[in-house]
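Everything below concerns the one structure shown next.
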Amino acid sequence: MVFETKTLEAKARQLLGDRGVSVVDIAELVIFLQKEYIPELTLETCVDSVNAVLTKREVHNTILTGIQLDILAEEDKLLQPLQSIVEGDEGLYGIDEVLALSIVNVYGSIGFTNYGYIDKVKPGILQRLNEKGGPRVHTFLDDIVGAIAAAAASRLAHSYSSEI
Ligand SMILES: [Mg+2]
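Every letter in the sequence shown is one number past the one before it in full-length UniProt numbering, and letter 54, counting from 1, is 54.
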């Protein structure tokens, strides 16, 4: 059975919202990544770019899969040792980053640089998602949010360079 893209997008957006991430939160990360290169960039333009990324099926599939794993880990429903690895956001796991790469790929290779950078610096919402100790697990979500921002920033970089 193949679901309509619209159905997947609605569910992906709902899940992001349920997990405390808004489009504006992600757009603020895009500003952070691009303000040095596009000084006239507005939050509104970044919101539009994030919304464009959120129409892509690869992005929906990644959001649905990653957030599902975070939720299962919160509910203690994964098999061991994966349960402890995901719940504890173990540094050597790496599959959360690999899964999110499917989003970064959508707008070409500039996305990789942005993704790596934002994962190191962890500005804005990423810092909040990385705070440990609460009942929530965001092992997959933080990389997904960073990847959406990186893809949206790459999309802008491409569109601005074609204007010059
Ligand atoms: Mg992670």
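Yeah, the Cβ is synthetic: ideal placement off N, Cα and C, and Gly gets one too.
- Going by C-alpha positions, Q83 is about 7 Å away from K77.
- Ordered by chain, the residues meeting the criterion of a beta-carbon within less than 5 Å of a non-hydrogen atom of ligand 1 are D96, T139, D142 and D143.
- For V137, the CB contacts under 7 Å within the same chain, skipping 5 residues up- and downstream, are D70, A73, E74, V86 and E87 in chain order.
- Listed in chain order, the beta strand (DSSP E) elements of length 3 or more contained wholly in the region 33–85 amount to none.
- DSSP assignment within the region 81–114 yields the following whole alpha helix (DSSP H) runs of 4 residues or more, N-terminal first: 82–87 and 95–104.
- Taken through DSSP and simplified to helix, strand or coil, E4 comes out as coil.
- Between A157 and I118, the C-beta gap is not smaller than 8 Å, which leaves the two residues out of contact.
- In this structure, A52 places its C-beta atom within 8 Å of the C-beta atom of R155.
- Excluding the 5 residues flanking it on each side, N114 has same chain C-beta neighbours closer than 7 Å at L33, A150, A153 and S154, in chain order.
- Contact annotation, V23 with V47: C-beta distance approximately 6 Å; criterion of less than 8 Å satisfied.
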